[in-house]
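Protein chains in written order, with this note's numbering: chain A, 99 to 516; chain B, -2 to 309.
To keep things clear, I will list the structure first and then write my remarks on it.
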Amino acid sequence: MNAQREAVSYLRFLRQALHVATEGGWLFYTWMFVLTAIALVGANAWAVQVRDGMIRTNMTDHVSWGLYIANFTFCVGLAAGGVMMVIPAYLYDDHEMHDVVIIGEILAVAAIVMSTLSVIVDLGRPDRFWHLIPGIGKFNWPISMLTWDIIVLNGYLLINLHVVGYLLYTRFCGRKPNPKWYVPFVYLSVFWAISIHTVTAFLYCGLGGRPFWNTALLAPRFLASAFVSGPAFILLVMRVVRVGTELPMHPGPSRLLVQIIRVAAVVNLLMLFSELFTLFYAGGAHLASAQYLFFGLHGHYGLVPWIWAAVFMNLLGTILFFTPAALERSPTRIIACVLCVVGIWIEKGMGLIIPGFIPSTLHEIVEYTPSLTEWKVTAGIWAFGLLLLTAMLRVAVAVFTKEMALQSDREPSTRASP
Amino acid sequence: MSESKSKLSLPVVGEVDRRTAIKAGVATLGLAAWAAAIKPWFEWTAELSTEEFLQKHYRELTPAQLQQVLQRLTEEAREATGKNVTVKDHKPIPGVQFAYALNLSICIGCRKCAEACHIENNHDRPSNQSYIRVFEMEKGGINFEKGNAHYHHAVPAKDKYYMPVQCQQCENPPCVTACPIEATWQESDGIVVVDYNWCIGCRYCEAACPYHARRFNWEKPQVPPEEINPNQSYLSNRLRPQGVMEKCTFCLHRTREGKLPACLEACPTGARVFGNVLDPDSEIRWVLENKRVFVLKEELGTKPRFYYFFDK
Chain A
99 MNAQREAVSY LRFLRQALHV ATEGGWLFYT WMFVLTAIAL VGANAWAVQV
149 RDGMIRTNMT DHVSWGLYIA NFTFCVGLAA GGVMMVIPAY LYDDHEMHDV
199 VIIGEILAVA AIVMSTLSVI VDLGRPDRFW HLIPGIGKFN WPISMLTWDI
249 IVLNGYLLIN LHVVGYLLYT RFCGRKPNPK WYVPFVYLSV FWAISIHTVT
299 AFLYCGLGGR PFWNTALLAP RFLASAFVSG PAFILLVMRV VRVGTELPMH
349 PGPSRLLVQI IRVAAVVNLL MLFSELFTLF YAGGAHLASA QYLFFGLHGH
399 YGLVPWIWAA VFMNLLGTIL FFTPAALERS PTRIIACVLC VVGIWIEKGM
449 GLIIPGFIPS TLHEIVEYTP SLTEWKVTAG IWAFGLLLLT AMLRVAVAVF
499 TKEMALQSDR EPSTRASP
Chain B
-2 MSESKSKLSL PVVGEVDRRT AIKAGVATLG LAAWAAAIKP WFEWTAELST
48 EEFLQKHYRE LTPAQLQQVL QRLTEEAREA TGKNVTVKDH KPIPGVQFAY
98 ALNLSICIGC RKCAEACHIE NNHDRPSNQS YIRVFEMEKG GINFEKGNAH
148 YHHAVPAKDK YYMPVQCQQC ENPPCVTACP IEATWQESDG IVVVDYNWCI
198 GCRYCEAACP YHARRFNWEK PQVPPEEINP NQSYLSNRLR PQGVMEKCTF
248 CLHRTREGKL PACLEACPTG ARVFGNVLDP DSEIRWVLEN KRVFVLKEEL
298 GTKPRFYYFF DK
């Protein structure tokens, strides 16, 4: 029976994947151990928060969303940005890109998991999670933008899991993947990637009572910044894969990613400038949040250091990306990537979510800094996401280097990986 | 869960078995660590009943199921407080549309309304919660930027006027649109309510509200038993669970019984007018017809049912 044989080889794929994902050198084990430890600290902090209430966070009725939703927004962007490898690979049929496109998709999977976790930890009643499940619960679709976001995020996760799983599995079997089974999904994922970040922006810009978010530029800005942070993160991952494994990384795709970042970073800065011009030149009620964010308001300066750090990092990162060194495998490129990733994390998070609440809708100023619980939980989510990313990359590298294959019965080597 | 210790040698078994054994051991340790880490979660769920967990949405309960729920909540409340609490269900009265109006010329900013709300609705005592915030405003405009909700001096102060703000019970409520699970909705008499047993606490409604009218239960509300208001209703002033949203309900447990809201009864100057706008002889109707009333943030299109006016 063909189906039966398929099932057997799929089980062997899963078994070998589990095996490979837990095999490595001491560096690999240390890395995984540290990540697990941080994830455990985060899980504990979250469980305590559920028991004692959200009072464990520093959120208030005035600033009712904080670090969690900030991190959520960034992770959605990261997931959407992962697809920037797919567009050149498939739409322009760039063959060198085909081999590394899987890295972008694996990143997308990990980032979506992180963003979903960021929302779950923000719920006051996670025990009632089933109320969100269509059919059993009461899903307020299509009215609530949040339901749209749930649909697009889960859809994106499924699409990417399918593509990644299918490509790795067929390669594992030593077969050529059948384009019928993945190319349509790849094209779908391109549009879907844009939808996840657009819908996430609509969550905020659809609220008429929050002037700071209520701007049509929000969704395009989200996309532009995602197309910086996503590829920058991929560049970092590719560097780790190249140094830490036997998988060869061609310089072509990295160069293309740098080119994409150059364009997206400039567009992002241009839109930010346009937004700031409109706010500050016209003035009025819309200005209060931006004033608070950039210069402080009525003696409150909580976000000023954050946003200027972000502006500085984004500007410097962009400049570094424009140097010739960024096109080579250079420390410059690494620094530029780190600057842009961190800069956008701040800009999309502390610089966008928090000022939406300060001043409040009745112009009261209540400031916010994340509590220790919030930092622990967020670090835990990142650790879990990186754990997932590492395990998936480990499997992908093993499949690509034939360390893991259906035909060979040789014991997989225990060479280190990221 | 795949930590180190691979250099430990177990001499009897072969390389593959040894590694597998170590992996299994580490995985077990890892699972135990996870279980220990999320133990507080189980301490919390131990206090929750299965009936509560499986309870359907308020509007999907049959009359018999609703009675069971009310009975359970009543029993729980009596047990917790030792007082003769009754949790009832008040349905909207057909042919009634509530509206509220507030005379800014005579409001003196004493905050008796906020205090009455605090007591009537069994609000959390430590945080001094209330659905009403009173702003001390500067004469010369309606500018909240120059308003102050934290004044501590004799009222009324010179050259100031006072603006109490609570839920505007919008005809076009952004909070209801935002909710992903229909845990908040508008009833036929115009009151926007929350099913505290259905809300998941995502606080999207709180972000959506332009009037800062919604409150979240950041922890379990604490009210000393002797201060509990025992006349409670499912959709309004019963003790709220931890981690859910709540809001002003125009005291529906009173107003749907023909009484007036607690904030109105507490007002010493008679600045507040409440009633059924569909009743042509009502005082609220007279105010809306004869005074030059206005609503907050009219430009947002939320159509509040809460009106303000100046007398002179």
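Note that CB positions come from ideal geometry on N, CA and C, so glycine has one too.
Residue i to residue j span [Cα, whole Å]
i                 : j                 : result
Arg251 of chain B : Asn287 of chain B : 27 angstroms
Ala210 of chain B : Met347 of chain A : 55 angstroms
Phe325 of chain A : His147 of chain B : 45 angstroms
Leu285 of chain B : Trp239 of chain A : 36 angstroms
Met448 of chain A : Met157 of chain A : 13 angstroms
Ile433 of chain A : Tyr267 of chain A : 35 angstroms
Ser279 of chain B : Asn273 of chain B : 7 angstroms
Gly263 of chain A : Ala96 of chain B  : 58 angstroms
Phe378 of chain A : Leu385 of chain A : 6 angstroms
Phe237 of chain A : Ala205 of chain B : 18 angstroms
Val189 of chain B : Gln165 of chain B : 9 angstroms
Glu121 of chain A : Thr25 of chain B  : 17 angstroms
Pro453 of chain A : Leu345 of chain A : 44 angstroms
Val184 of chain A : Glu295 of chain B : 47 angstroms
Ile497 of chain A : Arg269 of chain A : A small fix is needed here, since residue 497 of chain A is Val in this sequence, not Ile. If you take the alpha carbons of Val497 of chain A and Arg269 of chain A, they lie about 7 angstroms apart.
Leu205 of chain A : Ile167 of chain A : 20 angstroms
Ala383 of chain A : Cys172 of chain B : 22 angstroms
Within-8 angstroms CB hit, residue i to chain B
i                 : result
Arg427 of chain A : no
Arg308 of chain A : yes
Met448 of chain A : no
Ile241 of chain A : yes
Asp225 of chain A : yes
Pro510 of chain A : Residue confidence is low: Pro510 of chain A scores 47 on pLDDT, short of 50, so the model does not pin down where it sits. No coordinate-derived value is stated.
Gly62 of chain A  : Only positions 99 to 516 of chain A appear in this structure, which leaves residue 62 of chain A out of reach.
Leu305 of chain A : yes
Thr245 of chain A : yes
Leu230 of chain A : yes
Leu265 of chain A : no
Ser515 of chain A : Summary for Ser515 of chain A: the model assigns pLDDT 43, below 50, so the residue's position carries little reliability; its value from the coordinates is reported in the next sentence. For Ser515 of chain A, the answer is no, since every Cβ of chain B falls outside 8 angstroms of its Cβ.
Asn252 of chain A : no
Glu465 of chain A : no
Ile332 of chain A : no
Ser213 of chain A : no
Ser458 of chain A : yes
Ile248 of chain A : yes
Glu501 of chain A : no
Asp507 of chain A : Since pLDDT at Asp507 of chain A reaches only 49, below the 50 mark, its modelled position is unreliable, and the value read off the structure follows with that caveat. It does not: the Cβ of Asp507 of chain A has no partner Cβ on chain B nearer than 8 angstroms.
Proximal chain B residues relative to residue i, where beta-carbon distance stays under 8 angstroms
i                 : result
Met152 of chain A : Gly198, Phe213, Trp215, Glu216, Gly240
Leu125 of chain A : Ordered by position in chain B, no residue passes the 8 angstroms Cβ test against Leu125 of chain A, which lies about 11 angstroms from the chain.
C-beta neighbour in chain A for residue i, strict 8 angstroms
i                 : result
Val162 of chain B : yes
His250 of chain B : no
Thr47 of chain B  : no
Tyr208 of chain B : yes
Asp303 of chain B : Looking at the sequence provided, one finds Phe at residue 303 of chain B rather than Asp. By this cut-off, Phe303 of chain B is not an interface position.
Leu297 of chain B : yes
Arg122 of chain B : no
Pro277 of chain B : no
Contact list for residue i against chain A, beta-carbon separation under 8 angstroms
i                 : result
Glu40 of chain B  : Arg149
Cys104 of chain B : Result: empty, since nearest Cβ-Cβ is about 16 angstroms, beyond 8 angstroms.
Leu28 of chain B  : Going along chain A, no residue has its Cβ under 8 angstroms from Leu28 of chain B, so there is no contact; the nearest lies around 11 angstroms.
Whole-Å CB distance - residue i paired with residue j, under 8 angstroms assumed
i                 : j                 : result
Pro301 of chain B : Ser185 of chain B : At roughly 18 angstroms, the Cβ-Cβ gap does not stay under 8 angstroms, so Pro301 of chain B and Ser185 of chain B are not in contact.
Leu333 of chain A : Arg431 of chain A : 7 angstroms
Gly267 of chain B : Ile103 of chain B : 7 angstroms
Ser107 of chain A : Leu491 of chain A : Not really, about 22 angstroms apart at Cβ, beyond 8 angstroms.
Interface residues of chain A facing residue i [CB-CB closer than 7 angstroms]
i                 : result
Lys158 of chain B : Note that residue 158 of chain B corresponds to Tyr in the displayed sequence, not to Lys. Result: empty, since nearest Cβ-Cβ is about 15 angstroms, beyond 7 angstroms.
Listed by chain order, chain A residues near residue i by CB distance under 9 angstroms
i                 : result
Cys110 of chain B : What Cys110 of chain B touches in chain A: nothing, since even the nearest Cβ is about 16 angstroms away.
Trp283 of chain B : Correct list: empty, because the minimum Cβ distance to chain A is about 29 angstroms.
Amino acids of chain B, ordered along the chain, whose beta-carbon sits closer than 9 angstroms to that of residue i
i                 : result
Asp220 of chain A : Gly198, Cys199, Arg200
inquiry  = Any contact between the segment 123 to 135 of chain B and the segment 205 to 221 of chain B? By contact I mean 3 or more CB pairs, one from each, below 8 angstroms.
reply    = yes
message = Taking beta-carbon pairs under 7 angstroms, can you tell me which members of the segment 156 to 171 of chain A lie near chain D?
response = The structure shown contains no chain D; its protein chains are A and B.
Meets three-Cβ-pair contact criterion under 8 angstroms: the segment 133 to 141 of chain A and the segment 467 to 484 of chain A = yes
key: Cβ pair count under 8 angstroms reaching 3, the segment 313 to 322 of chain A against the segment 372 to 385 of chain A   = yes
query = How do the segment 217 to 232 of chain A and the segment 173 to 185 of chain A stand: do at least 3 beta-carbon pairs fall below 8 angstroms, yes or no?
reply = Under the Cβ criterion (8 angstroms, minimum of three pairs), the segment 217 to 232 of chain A does not count as touching the segment 173 to 185 of chain A.
message = Quick test of the definition: if touching needs 3 or more C-beta pairs under 8 angstroms, does the segment 413 to 422 of chain A touch the segment 345 to 360 of chain A?
response = yes
message = Under 8 angstroms: do the segment 252 to 263 of chain A and the segment 208 to 219 of chain A share three or more Cβ pairs, one atom per stretch?
response = Contact between the segment 252 to 263 of chain A and the segment 208 to 219 of chain A is present, because at least three Cβ pairs lie under 8 angstroms.
inquiry  = Check whether the segment 110 to 129 of chain A and the segment 459 to 473 of chain A are in contact - that is, three or more C-beta pairs closer than 8 angstroms.
reply    = Short answer: they don't touch.
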